[in-house]
Amino acid sequence: MSGKMSRENTIKMWNQVGRDKTLKHDQGMKLALQQSRAMVQSGEEALEIEQARLGYLTQLIANNFWNHNLAHRTDKTPGYPGHHGCRVRHRGRKLEISWYYNSFHRKPGSESKRVFSEHICKDGQHRYYKTAFNRAQPWEKTVILETEAGFELARKINANNTKIRRLFDQNRKLLAELETHLNTMTEPE
0 MSGKMSRENT IKMWNQVGRD KTLKHDQGMK LALQQSRAMV QSGEEALEIE QARLGYLTQL
60 IANNFWNHNL AHRTDKTPGY PGHHGCRVRH RGRKLEISWY YNSFHRKPGS ESKRVFSEHI
120 CKDGQHRYYK TAFNRAQPWE KTVILETEAG FELARKINAN NTKIRRLFDQ NRKLLAELET
180 HLNTMTEPE
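Structure representation (structure tokens):
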């Protein structure tokens, strides 16, 4: 048998010791605060990992878009070249999911082209409006809308995780206040 207590037994233990008037609760209070802080810390660490996982899943959606884009890079595709591009970046505590409009200009004295990317502003809360893609080629628009549907889900998940992160931060501060309160309570005379 492992030394770990089950979740049910841990809950039962905290409920029982909280009502036990014969115990001196100094050590219990320190342990409870320590474990509560550890829970906040592990929750924040789990959210960091989750954001990286979400970035990976979102990148799979972007990769699918780029696979379609590459498949249409031929003179046989009407409306070639595709002008839209997307990018997923995980920077610090931020997950960026954005779209760009690319324009192609010939380099002077060369057959190759230069690409200029213009960021498309996201007007919706979690989704780009369809009008942001009005300049898309017919083949491109279908793929963009499918990709953006997946991006919207990822943005919503990321927004929820951001809310949870803020709550963990608030709980860290509240635990410090609770500890101060517990340490300054007056004893009966």
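All residue numbers for the sequence shown refer to numbering that gives the first Met the number 0, where the first residue is 0 and numbers rise by one. Here a beta-carbon is modelled for each residue, glycine too, at the ideal position from N, C-alpha and C. Note that this is a predicted model, so its numbers are computed, not measured.
Count the other C-beta atoms from every protein chain shown that fall within 10 angstroms of the C-beta of residue i, then say buried if there are 16 or more, exposed otherwise.
i, result
"Met0", "Annotation note: pLDDT 41 at Met0 (below 50); position unreliable, no value reported."
"Lys83", "What sits at residue 83 in the sequence shown is His, not Lys. Label assigned to His83: buried."
"Gly81", "buried"
"Ala131", "buried"
"Trp98", "buried"
"Ile48", "exposed"
"Thr57", "buried"
"Gly108", "exposed"
"Gln15", "exposed"
"Ala197", "Not covered by the structure: residue 197. The range shown for the chain is 0 to 188."
Considering Cα atoms alone, identify which of the options is closest to residue i.
i, options, result
"Ala113", "Lys121, Asp122, Ser102, Arg36", "According to the sequence displayed, residue 113 carries Arg and not Ala. That would be Ser102, whose Cα lies nearest to the Cα of Arg113."
"Pro137", "Asn68, Gln40, Lys20", "Asn68"
"Phe115", "Thr76, Gln26, Lys106", "Lys106"
"Glu145", "Glu43, Ser41, Asn63", "Asn63"
"Gly123", "Glu176, His104, Glu147, Ser111", "Glu147"
"Leu174", "Trp13, Thr9, Lys29, Arg18", "Lys29"
"Leu152", "Leu53, Gly27, Met4", "Leu53"
Per DSSP, which one or two residues make a beta bridge with residue i?
i, result
"Arg88", "Glu95"
"His83", "Tyr100"
"Phe115", "Ser102"
So residue i packs on residue j, CB below 8 Å; how close in whole Å?
i, j, result
"Leu46", "Arg164", "5 Å"
"His104", "Ala158", "At roughly 37 Å, the Cβ-Cβ gap does not stay under 8 Å, so His104 and Ala158 are not in contact."
**Asked** Mind pulling the alpha helix (DSSP H) runs of 4 or more residues that sit fully within the stretch 117-184?
**Response** 137-183
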